[in-house]
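Using the working numbering, the first residue of the sequence shown is number 2, and each one after it goes up by one.
Even for Gly, the Cβ is constructed at its ideal location relative to N, Cα and C.
Below you'll find the structure, written out as structure tokens, and then a few comments.
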Amino acid sequence: MATQFTPEEMKAFVRQHFEDFVNNKKAEVILQNMTPDFYDHDGPGGKPVGIAEDEAMMRQMYDLMPGIQITIEDMVAEGDKVVCRNIWRWQDARSGKQMEFHGFVQWRFEGKQIAERWATVTPPHEASA
């Protein structure tokens with residue numbers, strides 16, 4: 002099924018998904034934002050997974066990376082896909098250092114939900130000034 006969103010609507014959907022799923026720590030939004038057969042090509046550990054595994058991964062990240070926040074730096078949409086470049090930031094609970102990692106994510110839409118995800122991220126590192 003093709004997406005029912007325009008490119009601008011897809012971008013707004015992804016922005017809101019990140020705001021809820023990461024910044025507001027509402028892991029359960031994945032259940033409404035993704036298709037039932039959602040497929041993450043690059044899930045935890047670099048393995049393909051579905052909704053349950055991605056939700057569990059985010060809940061674990063909330064615990065391991067208190068205060069985690071994502072900032073979308075760039076976003077492009079065309080056809081049924083959105084690609085964004087983002088930075089994830091948090092304060093390391095043990096060292097108190099500001100940490101971050103950078104990533105690129107591509108989302109594919111079906112109807113009004115996300116059906117597939119591809120991602121690549123840098124290793125976590127101390128945030129640059």
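Per DSSP, the bridge partner or partners of residue i
| i | result |
| --- | --- |
| K26 | Bridge partners of K26: none, in fact. |
Assigned secondary structure, residue i (DSSP; H/G/I helix, E/B strand, else coil)
| i | result |
| --- | --- |
| M58 | helix |
| R16 | helix |
| P124 | coil |
| M2 | coil |
| G112 | strand |
| D21 | helix |
| N37 | One point to set straight first is that residue 37 is Pro, not Asn, in the sequence displayed. P37 falls in the strand class under three-state DSSP. |
| G47 | helix |
Euclidean distance between Cα positions of residue i and residue j
| i | j | result |
| --- | --- | --- |
| I71 | C85 | 12 angstroms |
| M62 | I88 | 15 angstroms |
| N34 | H18 | 7 angstroms |
| G97 | R16 | 28 angstroms |
| T36 | D21 | 17 angstroms |
| W119 | G112 | 18 angstroms |
| A3 | F110 | 7 angstroms |
| P125 | D81 | 30 angstroms |
| R95 | F6 | 43 angstroms |
| R90 | F102 | 7 angstroms |
| W108 | D41 | 9 angstroms |
| D43 | N24 | 21 angstroms |
Nonlocal neighbours in the same chain, by C-beta distance under 6 angstroms from residue i, ignoring five residues either side
| i | result |
| --- | --- |
| V106 | C85, A120 |
Cβ-based neighbour list, residue i, same chain, cut-off 7 angstroms, excluding 5 preceding and 5 following
| i | result |
| --- | --- |
| I31 | F22, I52, D55, E56 |
| G68 | W91, Q92 |
Close-in-space but distant-in-sequence residues of the same chain around residue i (CB under 8 angstroms, 5 per side omitted)
| i | result |
| --- | --- |
| E10 | none |
(request) Run through the segment 56-97 for me and flag every whole beta strand (DSSP E) of 3 or more residues, listed as ranges in chain order. (result) Taken in chain order, the whole beta strand (DSSP E) runs of length 3 or more contained in the segment 56-97 are 70-79, 82-92.
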